[in-house]
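Participant: My questions all concern the structure below.
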Amino acid sequence: MSDKATSIDAYLDGIDPAFRPELERIRALVTRLVPSVEETISYRMPTLTYKGRALVFFTASKKHMSFYPSSWAIEELKDRLSD
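In the working numbering, the protein residues as written are 3 to 85.
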């Protein structure tokens, strides 16, 4: 897997190619919705940050993919997420 990746591109280069299109789609969607996000690796996962705080994390495992919104993002958007 991509345990030593230092960028999202490097991470995506090291995962199962079957997962790459969906993770690229998540990356593109968040970047389109929040154009000022920055990319980093945190907790060995691709992370998109907003104003210096982790906004979302996403990752590929052996048999599944995961998407983790940060707790502050959920709290901030809770009224819009309840629908």
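Glycine included, each C-beta is placed from N, C-alpha and C at the ideal position.
None of the values given here were measured: they were computed from a predicted structure.
(1) Could you give the distance in angstroms between the alpha-carbon of TYR52 and the alpha-carbon of LEU83?
(2) By the 10 Å Cβ neighbour count, where 16 or more other Cβ atoms means buried, how is ARG29 classified, buried or exposed?
(3) From GLU78, ALA62 and SER44, pick the residue whose C-alpha is nearest to that of ALA20; which is it?
(4) Counting only the same chain and skipping the five closest in sequence on each side, list residues whose C-beta sits under 8 Å from that of GLU26.
(5) Would you mind working out which of LYS6, ALA56, HIS66 and ASP18 sits nearest ALA75, comparing C-alpha positions?
(6) Mark PHE60 as exposed unless 16 or more other C-beta atoms lie within 10 angstroms of its C-beta, in which case mark it buried.
(7) In whole angstroms, what separates the C-alpha of GLU41 from that of SER9?
Facilitator: Looking at the coordinates:
(1) Taking the first residue of the sequence shown as position 1, residue 52 is located at position 50. Taking the first residue of the sequence shown as position 1, residue 83 is located at position 81. Those two C-alpha atoms are separated by around 19 Å.
(2) Stepping through the sequence shown from its first residue, residue 29 is reached at position 27. That one is buried.
(3) Within the sequence shown, numbered from 1, the residue matching residue 20 stands at position 18. Distance check between ALA20 and each of GLU78, ALA62 and SER44 places ALA62 closest, using alpha-carbon atoms only.
(4) If you number the sequence shown from 1, residue 26 lands on position 24. So the qualifying residues of the chain are LEU14.
(5) Position 73 of the sequence shown holds residue 75. The shortest C-alpha separation from ALA75 is found at ALA56.
(6) Counting from 1 along the sequence shown, the entry for residue 60 is found at position 58. By the neighbour-count rule (16 or more Cβ atoms within 10 Å), PHE60 is buried.
(7) Counted from its first residue, the sequence shown places residue 41 at position 39. Counted from its first residue, the sequence shown places residue 9 at position 7. Going from the Cα of GLU41 to the Cα of SER9 covers about 8 Å.
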